[in-house]
Amino acid sequence: MSEGVRWNEIRAIHPSNGQLQRWFGWLFAFATVAYLAVYEMRTSAFESWILSTYAKRISYKIEPGPSSSVVFPRSGPFDIRSGYALIPEFVQRLEAEGYKVADQARFSPDLLRLTRWGIIPPFRLPTSTRLAILGVDGHPLFSSPIASYEYSHFEDLPPLAIKALLLIENRELEEPADYRSNPVVDWDRLAKAALLYAGRRVGLPVHVQGGSTLATQMQKYRYSDRGRTDSIFAKLRQMTGASLLVYSQGPDTRTERRQIILDYLNTVPLAAAPGYGEVHGLGNGLYAWFGTDPASISRDLSLPGTAKAKVRALKQVLTLLCAVRAPTYYLLQNRAALAARVSFYTEMLARTQVIDEGLASRLELTRIKFSTHAPPSSLPPYAERKAVDALRSRVMWMLGIPGLYELDRLHLDIDSTIDGPLQQQVVNLFESLRDPAFINAHGLREKHLLPSGDPGKVIYGMLLLEKTPLGNLLRVETDTLNSPFDVNDGMKMQLG
Numbered sequence: 001m002s003e004g005v006r007w008n009e010i011r012a013i014h015p016s017n018g019q020l021q022r023w024f025g026w027l028f029a030f031a032t033v034a035y036l037a038v039y040e041m042r043t044s045a046f047e048s049w050i051l052s053t054y055a056k057r058i059s060y061k062i063e064p065g066p067s068s069s070v071v072f073p074r075s076g077p078f079d080i081r082s083g084y085a086l087i088p089e090f091v092q093r094l095e096a097e098g099y100k101v102a103d104q105a106r107f108s109p110d111l112l113r114l115t116r117w118g119i120i121p122p123f124r125l126p127t128s129t130r131l132a133i134l135g136v137d138g139h140p141l142f143s144s145p146i147a148s149y150e151y152s153h154f155e156d157l158p159p160l161a162i163k164a165l166l167l168i169e170n171r172e173l174e175e176p177a178d179y180r181s182n183p184v185v186d187w188d189r190l191a192k193a194a195l196l197y198a199g200r201r202v203g204l205p206v207h208v209q210g211g212s213t214l215a216t217q218m219q220k221y222r223y224s225d226r227g228r229t230d231s232i233f234a235k236l237r238q239m240t241g242a243s244l245l246v247y248s249q250g251p252d253t254r255t256e257r258r259q260i261i262l263d264y265l266n267t268v269p270l271a272a273a274p275g276y277g278e279v280h281g282l283g284n285g286l287y288a289w290f291g292t293d294p295a296s297i298s299r300d301l302s303l304p305g306t307a308k309a310k311v312r313a314l315k316q317v318l319t320l321l322c323a324v325r326a327p328t329y330y331l332l333q334n335r336a337a338l339a340a341r342v343s344f345y346t347e348m349l350a351r352t353q354v355i356d357e358g359l360a361s362r363l364e365l366t367r368i369k370f371s372t373h374a375p376p377s378s379l380p381p382y383a384e385r386k387a388v389d390a391l392r393s394r395v396m397w398m399l400g401i402p403g404l405y406e407l408d409r410l411h412l413d414i415d416s417t418i419d420g421p422l423q424q425q426v427v428n429l430f431e432s433l434r435d436p437a438f439i440n441a442h443g444l445r446e447k448h449l450l451p452s453g454d455p456g457k458v459i460y461g462m463l464l465l466e467k468t469p470l471g472n473l474l475r476v477e478t479d480t481l482n483s484p485f486d487v488n489d490g491m492k493m494q495l496g
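Residue numbers (the numbering used here): 1 to 496.
Laid out in structure tokens, this is it:
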């Protein structure tokens with residue numbers, strides 16, 4: 001009897017065939033979901049199809065008159081520096097001066113919805129912007145004197161700089177698991193960052209690390225408020241915007257990966273160099289911080305062995321790449337900490353066989369030398385640019401821009417009424433009037449002209465306007481005073 005009871009008890013707890021089927025069903029479902037999740041994380045097959053399809057629906061068109069279906073960015077270092085975030089204010093100020101909006105963009109419904117969510121549209125914007133002034137004939141009169149050492153193509157980038165960048169910032173970018181893989185998301189890095197963040201929140205003594213890839217970093221330092229990530233929602237917006245951009249040309253991201261590296265090295269912020277201003281991009285950083293030509297750096301990095309020029313070039317590149325994490329701190333406040341960081345990654349480059357031990361040793365022994373003076377200005381003398389300087393001052397006042405430094409960095413083209421060739425003829429004539437031989441040859445030594453004295457000390461000025469059906473249009477504005485003071489605009493003259 002006791003054995004029967006035990007047998008009945010065993011049979012009672014033994015699962016039925018129906019229960020086994022349900023358990024196997026749940027196990028199979030779990031395994032299927034896990035497999036699909038791993039497959040998706042590895043290939044981004046579903047994500048690439050969804051995002052590339054959606055990106056095609058995001059569009060805009062330019063039509064006459066002001067638009068009611070356009071959203072302007074509100075913040076972000078690049079949007080403010082280029083003037084995109086200031087367009088509503090500019091329009092209001094210019095309309096008060098009598099100007100009207102001629103054409104403006106109309107967003108598609110999907111683009112309008114996306115921008116209202118705070119997601120950056122998947123359009124590739126210029127890596128840098130500057131002011132340009134055109135003459136009445138459409139030819140350029142002025143371009144802001146901002147150094148523009150940018151790499152035009154991925155092939156122009158020094159291979160050693162690419163390898164160093166990926167080692168420091170985004171090691172998985174160069175070799176994707178699948179041609180559709182999303183370069184915006186590094187799942188291992190993101191999971192590690194999330195775990196460290198959670199550990200820090202519960203009081204564990206761990207150092208929080210960022211999980212941002214190069215693509216997400218660009219979204220942050222160009223378009224996020226003050227260049228920072230202030231919430232998980234901001235991070236999600238950054239990742240979404242970056243993902244839409246990489247899939248905007250289709251599911252294949254191999255070309256976009258190279259474009260990410262190129263754009264990053266052309267836009268990464270590198271603090272502000274004395275006498276130069278804000279520095280963006282590796283090429284501009286080499287010029288502003290070390291006074292070196294990026295083209296020569298590329299040549300030197302291709303030298304064999306441990307040539308002195310190669311070591312110096314690689315040291316400069318490594319210094320700037322290691323400063324990216326906190327550029328103002330490393331480049332201006334604590335260069336000793338920057339040197340220690342460079343040493344750490346020099347050792348890592350050797351350990352991963354990106355460079356050999358001999359080159360690493362030479363790098364360790366080489367001290368970095370920052371430039372001690374500001375780069376030379378490319379502006380012509382004051383006397384040769386009085387017209388464009390007057391225009392810059394007027395535009396600066398009309399737009400409410402605090403200074404020429406900010407004005408010159410706007411993404412702004414100005415069509416002026418200045419007659420460029422005539423302006424240059426007048427400038428040349430005024431320069432000739434400083435020459436005693438020219439004065440004598442043209443009979444200008446007569447009474448009431450220049451009978452004596454040094455003609456080089458005479459200041460000439462000219463303000464020429466042409467009467468047209470549109471009004472009196474400025475054609476020439478110049479003087480011979482080689483200083484910021486404008487004789488035509490800055491003084492009162494009593495004639496008679």
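Just so it is clear, CB atoms sit at the ideal spot from N, CA and C, and this is done for glycine as well. Computed from a predicted structure; not experimentally measured.
Query                                                                                                          : Result
Alpha helix (DSSP H) runs contained entirely in the region 285-357, provided each spans 4 or more residues     : 294-301, 308-323 and 335-351
Rounded Cβ spacing between Pro114 and Ile58 (contact assumed at less than 8 Å)                                 : A small correction: the amino acid at residue 114 is Leu; Pro does not occupy that position in the sequence shown. Their Cβ separation, rounded to whole angstroms, is 6 Å, which keeps Leu114 and Ile58 in contact under 8 Å.
Opposing strand residues paired with Val476 [DSSP bridges]                                                     : Leu464
The region 48-67 in contact with the region 260-269 per 3-pair CB rule at 8 Å                                  : no
Beta-bridge pairing of Glu278 - partner residues as DSSP gives them                                            : Ala272
Limits of the unbroken beta strand (DSSP E) element including Leu141                                           : Pro140 to Ser143
Anticipated Cβ contact below 8 Å, Thr213 with Gln238, distance rounded                                         : Actually they are not in contact, since the Cβ atoms of Thr213 and Gln238 sit about 10 Å apart, beyond 8 Å.
Sequence-distant residues of the same chain with beta carbon closer than 7 Å to Ala234, five excluded per side : Ser224
Three-state secondary structure (DSSP) of Ser2                                                                 : Residue placement at Ser2 is flagged as unreliable, the pLDDT there being 48, under the threshold of 50; the coordinate-derived value follows with that caveat. Reduced to three states, the DSSP call for Ser2 is helix.
Cβ neighbours of Met1 in the same chain (closer than 8 Å, five flanking residues each side left out)           : At Met1, the pLDDT of 45 sits below 50, so the modelled position is not reliable and the matter cannot be decided from this model.
Delimiting residues of the alpha helix (DSSP H) encompassing Glu95                                             : Ile87 to Ala96
Helix, strand or coil at Asp156 according to DSSP, with G and I counted as helix                               : helix
Host beta strand (DSSP E) of Leu412 (start-end)                                                                : Leu412 to Asp415
Three-state secondary structure (DSSP) of Asn482                                                               : coil
Leu20 to Val38 span [Cα, whole Å]                                                                              : 27 Å
Tyr405 classed as buried or exposed, judged by whether at least 16 other C-beta atoms fall within 10 angstroms : exposed
CB of Leu167 within 8 Å of CB of Pro183, strictly                                                              : no
For Gly118, three-class secondary structure by DSSP                                                            : coil
DSSP three-state assignment for Pro421, whether helix, strand or coil                                          : helix
Arg81, enclosing beta strand (DSSP E) - first and last residue                                                 : Looking at the DSSP string, Arg81 is not in any beta strand (DSSP E); the run it does join, the alpha helix (DSSP H), is Pro77 to Ser82.
Backbone CA spacing between Thr480 and Ala132 [nearest angstrom]                                               : 24 Å
CB contact flag (Ser371, Gly420, <8 Å)                                                                         : no
Beta-carbon gap between Ile418 and Gly138 smaller than 8 Å                                                     : no
Classification of His448 by the beta-carbon crowding that lies within 10 angstroms, buried from 16 upward      : exposed
Residues near Glu466 by beta carbon distance below 6 Å, same chain, minus five either side                     : Leu473 and Arg475
Of the listed residues Arg254, Tyr247 and Thr229, nearest to Ala177 (C-alpha basis)                            : Arg254
Counted within 10 angstroms of its Cβ, other Cβ atoms place Ser377 as buried (16 or more) or exposed           : exposed
Inter-residue Cα distance where the pair is Val427 and Asn488                                                  : 14 Å
Segment contact flag, the region 152-160 with the region 298-313, C-beta cutoff 8 Å, min 3 pairs               : yes
Ala272 and Pro375 closer than 8 Å at C-beta                                                                    : no
Nearest-angstrom beta carbon gap, Thr346 and Ala360 [assumed within contact, 8 Å]                              : 5 Å
Closest Cα partner of Gly305 within the set Phe430, Val354 and His280                                          : Val354
Span separating the alpha-carbon of Val5 from that of Arg42                                                    : Bear in mind that a pLDDT of 48 at Val5, under 50, signals an unreliable position, so the model cannot answer this.
According to DSSP, residues forming a beta bridge with Arg106                                                  : Lys61
Residue from Ala242, Asp186, Ser148 and Ser68 with nearest C-alpha to Ala295                                   : Ser148
Cross-strand partners of Ile133 (DSSP beta bridge)                                                             : Phe142 and Ile414
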